[in-house]
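Numbering of the sequence shown is given in the working numbering, commencing with residue 1300 and proceeding in unit increments. Built from N, CA and C at the ideal position, the CB exists for glycine as well.
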Amino acid sequence: MALGIMVLALALADAPVVDAPASTPGDVPVEIGENLVRYAIKGDTTSELISQMAKLGPYDEGEGRRFQGFTEWSVQWNYQMASQPGGNCSLGDLKIDLKVQMTLPEWEPKRHADQLLVQEWPRYLAKLTEHEMGHRANGVRAAFAVRDAITAIAPMADCGQLASAVNAAGNAAIAQLKDADAEYDRETEHGARQGVRLP
């Protein structure tokens, strides 16, 4: 349920300077790639399933423990330098890429499994998915925040300084959403307050 964040900034400071207009938010595409991973668990009772998820669930390196579900997102940006009249250096061909991976449990009950558990499993999985979608939403917010922060940077005389400013702005935007993700888990108690519980 906690969120891991990887950030990769492709500054391309050594890329050739080309004649191109500076980017504006509406011109910059945000590409989103998503992947759903399921891990199989076995058991006939609630305690057995909880034990399985504690052993097999996705591991959050930040918190040093496993969770029943997990969403990880990463934001990448790359660009070229663009020359402007007067010799200033600005951004051109900016692209933002968001990758999201959600991991959820998968259970196929046997005939002798607890019937209340069988009935409640779809509700539980829906609530867990709802919680993880909240983390996904923060990833999407981060991608657009990075785009807006970078495109707001004014041209500079030095391309090296511009590259540093771009990466600082992008990483600052991500840090804010990382904090929001952590607060989301605190407020929801990792989904418990949203109904993520087995009978």
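Burial state of THR1450 is buried, judged by a 10 Å Cβ sphere holding 16 or more other Cβ atoms. Non-local beta-carbon contacts of LEU1335 in its own chain, meaning distances under 6 Å to residues more than five positions away in sequence, involve MET1401 in chain order. Annotation: the continuous alpha helix (DSSP H) that includes LYS1354 extends over 1345–1355. Going by DSSP, ALA1462 is part of the alpha helix (DSSP H) stretching over 1458–1487. Distances from the CA of GLY1469 to each of ARG1364, GLY1356 and TRP1376 were compared; the closest alpha carbon is that of TRP1376.
Under the three-state reduction of DSSP, GLU1431 is assigned to helix. Rounded to the nearest whole angstrom, the C-alpha separation of THR1370 and PRO1498 is 24 Å. Rounded to the nearest whole angstrom, the CA to CA distance from GLY1490 to LEU1427 is 7 Å.
Contact holds between the segment 1439–1449 and the segment 1457–1476, because three or more Cβ pairs, one in each stretch, are under 8 Å apart. Residue pairing by DSSP places GLN1379 opposite GLY1391 in a beta bridge. Under the Cβ criterion (8 Å, minimum of three pairs), the segment 1385–1397 counts as touching the segment 1459–1467.
As the crow flies, the alpha-carbon of VAL1399 is around 13 Å from that of GLY1368. When C-alpha distances from MET1352 are compared across GLY1361, LYS1341 and VAL1495, the shortest belongs to LYS1341. Counting the other Cβ atoms within 10 Å of the Cβ of ALA1472 gives 16 or more, which makes it buried. Around the beta-carbon of GLU1431, 16 or more other beta-carbon atoms lie within 10 Å, marking it buried.
In this structure, the straight-line span from the alpha carbon of ALA1467 to that of VAL1374 is close to 14 Å. Inclusion of VAL1327 and LEU1393 in the CB contact set at 7 Å is warranted, their separation being smaller than that value.
Rounded to whole angstroms, the Cβ separation of LEU1424 and THR1344 is 17 Å, and the two are not in contact under 8 Å. Ranked by Cα distance from ARG1485, the options GLU1362, LEU1403 and ARG1446 are led by GLU1362.
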